[in-house]
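Protein chains in written order, with the numbering used here: chain A, 76 to 180; chain B, 10 to 428. No residue lacks a Cβ here, since even glycine has one placed at the ideal position from N, Cα and C.
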Amino acid sequence: MAALINVPAKARRGDAIEIRTLTSHIMETGFRRTMDGAVVPRDIITSFTCRYNGTEIFRADLFPAIAANPYLSFFTVAKESGKFEFEWIGDNGYSSTASASITVE
Amino acid sequence: MTRRTAVLGITAAATTLARPSILRAQSTGRVVVVGGGFGGAACARALKRAQADLQVILIEPNAIFTSCPLSNEVIAGLRDIEAQQFSHDKLASEGVTVIGQTVTTIAPEQRSVMTADGVALPYDRLVLSPGIDFHFEALPGYDQAASEKMPHAWKAGAQTLLLRRQLEAMDDGGTVAIAVPANPSRCPPAPYERASLIAHYLKTKKPRSKVLILDAKDNFSQQRLFEKAWKELYGDMIERIGLSQGGRVTSVDPATRTIVTEFGNYTPDVANVIPPQRAGHIAEIAGAADTTGWCPIDPVTFESTLVKKIHVIGDSCLGGGIPKSASAASAQGKACAAAIVHLLAGRAPETPRLTGVCYNTVAPGYGFSLSGNYQPKGDIFAEVEGGATSPVDAPRELRAREAAEAERWFQTITADTFG
């Protein structure tokens with residue numbers, strides 16, 4: 076499944092807007108063991124970044140305690156029309172991106 | 010409550026009662042039960058049967074009780090609502106005093122319940138079995154008025170029939186959305202049974218239509234059984250969007266029949282919105298509900314851990330591993346009655362061992378079930394060994410047999426409670 080993004084399609088300049096993201100990921104902690112005692116290797120998303128017209132406005136580091144399918148929501152100020160770009164980076168070369176547009180009036 | 014205030018409470022109660030006959034009755038004990046559903050009615054009846062000289066008062070505003078179990082079949086047009094309805098006449102004939110009033114206030118210090126007509130009823134022990142109420146604040150846009158447009162049908166009766174009429178009025182090719190809350194909620198597998206039976210109705214009458222489940226959970230009770238049955242019976246008619254696909258409903262707009270989730274908007278032709286829930290309002294009035302909205306209890310006696318001498322049973326209580334079901338409420342009602350009889354006699358109550366069963370009918374002649382055993386463990390009920398779920402791979406004869414068992418279970422529990 077692609078990531079889910081919720082960015083308002085339209086906003087007034089200066090409005091505080093909520094951005095919601097959710098991406099499917101197992102977030103395997105690396106602390107669990109199989110029935111025969113072998114450690115299940117860690118496989119998590121380690122970093123999330125959001126850029127608004129190229130400028131980074133939000134970043135989060137993720138850790139093993141964060142549950143599967145991380146859901147992140149945050150606020151920013153609508154300054155200009157354009158594009159939000161989202162990027163998730165993780166173990167084993169994991170990388171995923173998404174984007175959403177906004178019209179600011 | 011301290012010992013001193015308890016003594017004062019008894020004195021206060023006794024002095025307000027001028028009639029000697031009532032004073033005499035007080036010596037054997039008086040138990041007031043609020044709520045005449047599966048929990049309260051079972052409890053009142055068990056109390057009277059266990060001790061004939063006990064005064065048992067059942068307060069229930071509705072003269073006719075409408076059962077939620079099997080009401081999904083009413084929605085799907087497979088059953089008449091009358092088959093769901095029961096009176097408390099039999100309880101009254103057995104000596105339970107049935108009062109058709111609404112409880113307005115509860116004074117735990119005075120051990121007294123006040124009804125809407127202004128009568129105060131003192132008690133030695135009070136049992137609350139008010140079922141659920143809706144937590145409207147948790148779902149912006151939804152309230153009593155909204156439920157007339159987007160029925161919850163989560164309390165059986167007029168709402169059940171409203172949802173049925175909306176389905177009947179819908180054109181072929183329409184979408185029926187069911188908004189499902191997170192747990193704890195009344196009868197956790199019921200939304201999925203409902204989706205199944207609505208799909209059955211649509212397949213029969215409006216085959217181009219769809220059922221869309223918007224779910225605040227990722228996993229649910231008997232999921233593999235449901236999903237297998239959906240595929241087998243309804244192909245891709247039922248679509249479910251779980252929590253991690255953005256299915257959690259965050260608000261609704263009844264004016265446009267819009268359901269808003271964290272990641273999208275839906276405007277179905279029929280919107281069945283099951284809101285988040287909490288203990289019935291009466292539990293809150295009594296001070297028996299905590300910040301979760303539900304009532305913590307001592308699992309041995311069902312006595313509230315917040316208010317002394319008030320017992321909470323059924324959907325309202327925090328039952329630990331026990332799902333909120335009619336079957337559980339009935340078992341709790343009987344166990345609570347036994348505990349109260351012991352407590353009033355000054356004996357230690359026995360540790361209850363409860364069983365619960367839950368049948369799901371996904372089409373006529375296609376059912377499956379889950380049963381569980383529960384015992385107090387520390388301060389909650391824990392599920393213990395002995396429970397069972399129907400096998401995922403089973404011949405249709407077993408499904409047919411379980412569908413017939415579901416009907417028999419209903420006949421048995423309603424006869425046991427009201428008959």
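Between R362 of chain B and I349 of chain B, the alpha-carbon positions lie close to 16 Å from each other.
Per DSSP, the continuous beta strand (DSSP E) segment holding K386 of chain B begins and ends at 375–386. Within chain A, the residues whose beta carbon sits less than 9 Å from that of E271 of chain B are L79, N81, R95, L97, Y146, S148, listed in sequence order. Residues of chain A with a Cβ closer than 7 Å to the Cβ of G45 of chain B do not exist; the shortest Cβ-Cβ separation is about 42 Å. Distance from the CA atom of K215 of chain B to the CA atom of E236 of chain B, rounded to whole angstroms, is 21 Å.
Our two residues, E248 of chain B and T113 of chain B, have alpha carbons roughly 43 Å apart in a direct line.
Counting along the chain, no beta strand (DSSP E) covers P200 of chain B; the unbroken alpha helix (DSSP H) around it starts and ends at 199–214. Close partners of S205 of chain B in chain A (Cβ separation under 7 Å) are lacking, with about 25 Å as the shortest Cβ gap.
For I101 of chain A, the number of other beta carbons within 10 angstroms of its own is below 16, and it is reported as exposed.
Residue-level contact by beta carbon fails for G251 of chain B and chain A, as no gap is shorter than 7 Å.
Nearest to N167 of chain A by C-alpha distance, out of A:R95, A:I120, A:M110, is A:I120. Cα atoms of V366 of chain B and P198 of chain B: separation of roughly 12 Å, rounded to the nearest angstrom. Counting along the chain, T106 of chain B sits inside the beta strand (DSSP E) bounded by residues 106–108. For A53 of chain B, the enclosing alpha helix (DSSP H) stretches over residues 47–59.
Straight through space, the alpha carbons of T270 of chain B and Q153 of chain B are spaced by roughly 20 Å.
The contact set of G255 of chain B on chain A, defined by CB atoms closer than 7 Å, consists of L79, L97 in chain order. For A347 of chain B, the uninterrupted alpha helix (DSSP H) run begins and ends at 335–353, by DSSP. When DSSP states are grouped into helix, strand and coil, E118 of chain B belongs to the coil group.
Under the DSSP assignment, A129 of chain B falls in the beta strand (DSSP E) whose first and last residues are 129–131. Under the three-state reduction of DSSP output, I80 of chain A falls in the strand class. Look at Y151 of chain B here: in three-state DSSP terms it is coil, with no helix or strand label. Cβ contact annotation for I115 of chain B (same chain, cutoff 6 Å, sequence separation greater than five): V122, I294, A295, in chain order.
Contact between the segment 305–320 of chain B and the segment 402–417 of chain B is absent, with fewer than three C-beta pairs closer than 8 Å. Within its own chain, the residues whose Cβ lies closer than 8 Å to the Cβ of T124 of chain B, once the five positions on either side in sequence are excluded, are I68, I108, Q110, T111, V112, T113, L130, listed in chain order.
Note on geometry: alpha-carbon atoms of V189 of chain B and T172 of chain A lie some 30 Å from one another.
Taking the Cβ atoms as the reference, S205 of chain B lies roughly 4 Å from V371 of chain B, within the contact range of under 8 Å. When C-beta atoms of the segment 301–313 of chain B are compared with those of the segment 164–172 of chain B, fewer than three pairs fall below 8 Å, so the two segments do not count as touching. Going by beta carbons, G183 of chain B and S218 of chain B fall inside the 7 Å limit. Using a C-beta cut-off of 8 Å, the segment 167–179 of chain B makes no contact with the segment 249–264 of chain B, since fewer than three inter-stretch Cβ pairs fall below that distance. In chain order, A335, F419 place their CB closer than 7 Å to the CB of P78 of chain B, counting only its own chain and leaving out the 5 sequence neighbours on each side.
Sequence-distant partners of G273 of chain B (beyond 5 residues in either direction) whose C-beta falls short of 7 Å from its own C-beta, in its chain, are G255. When the five nearest sequence neighbours on each side are left out, the beta carbons in the same chain lying within less than 8 Å of the beta carbon of I291 of chain B are those of V43, G44, V112, I115, L137, P139, in order along the chain. Remark: fewer than three beta-carbon pairs, one from each stretch, lie closer than 8 Å, so the segment 141–148 of chain B and the segment 51–71 of chain B are not flagged as touching. Sequence-distant Cβ neighbours of S156 of chain A in its own chain, meaning closer than 7 Å and more than five residues away, are I177, T178, V179.
Between Y127 of chain A and T96 of chain A a beta carbon distance of about 13 Å is seen, past the 8 Å cut, so the two are scored as non-contacting.
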